[in-house]
Structures are given as C-alpha cells and as structure tokens.
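Engineer: Everything in the sequence shown is counted per numbering that gives the first Met the number 0, starting at 0 for the first residue and increasing by one.
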Amino acid sequence: MNRRDVMMLAGAAMLAAGTASADTLQYTPGLVTERLAAGETVFPDFFAPWCSTCRAQERHIDALRAETPGYDASMTFIRVDWDSYGQSALAQSLQIPRRSTLVVLRGDQELGRLVAGTRRADIQALLDLGLS
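Listed below in structure tokens is the structure:
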C-alpha cells in the first residue's frame, strides 16, 4: 500500500465518522417537541460534521451506546445539524451556546447538558441521566 492509498483511506474514515448511527434521528423542526410530548426522553446532539470536538463526542457516544443497550431503549437520539439549525427556535429556547452541545430532556425539564466536553466519563454521566 502506498502513501496515497493510506491518505485516501484515512479521508474516507474521517467522512464515515461524521455520519450518525442508524438509530439517530436527523432533526427537523418540531421533532424534539413531538417526541417530548409523546413521553420520550430526548438526547439532542448539536453537531457539525467539520467540528473535531463533535466527532470526538460522537465516537464516545457510539461506543457507549454499543456497550449499554439501555441507552437506546431509554432515549431518542436526535442529531441537530448546527450549520442548518444553530439559530433555530429549538437552539434559542434551549439557549444552546455552540455546536458540540449535548442535552438530555424529559417532559419540560432539562436533566443535564455538556458543552464541548469530550471526556468519556462526562458523556457517560450525561447519558446515565436519561436511564431513569
């Protein structure tokens, strides 16, 4: 394998890392409100594909979800594209300061949030809030 092949594979891996897991819904206006009204716990992930912090968070979230099936059973994961919805009514109502913000919501309450945090333990603690 030559250097060019290695570079192409690395680039493909980076692009693949920017895609949400199959069980993650893509945000559309009203989706979070609709899911909360249905009694679901919602995990909006304010993500930008070009954001290295977002990609680091995503790696931990995906690994933790694979290790703990209870997360998927307890929460609805919603990817909110920062470039499209960073100034949306949802982002404004939740006072989202920037991309790479993770939030856990249930009913009319925010259970917790993490802004630009990439430590696995911090992300796991946030996910754990949605389990009960």
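All C-beta atoms, glycine included, are put in the ideal place defined by N, C-alpha and C. Predicted model, so just to flag it, every value in this text is computed and none were measured.
How long is the line joining the alpha carbons of A12 and R54, rounded to whole angstroms?
Structural biologist: For A12, the predicted model reports a pLDDT of 44, less than 50, meaning its position is unreliable; a value from the coordinates is still stated below. Straight-line Cα distance between these residues: approximately 12 Å.
Engineer: To the nearest angstrom, how far is the alpha carbon of E33 from that of L125?
Structural biologist: 22 Å
Engineer: By alpha-carbon positions, which one of Q123, L104, V41 and T100 ends up nearest to A62?
Structural biologist: Q123
Engineer: Skipping 5 residues on each side, what residues in its chain have a beta carbon closer than 7 Å to that of R105?
Structural biologist: T40
Engineer: Please return the same chain residues whose Cβ sits closer than 6 Å to the Cβ of L110, not counting the five positions on each side in sequence.
Structural biologist: V103 and L128
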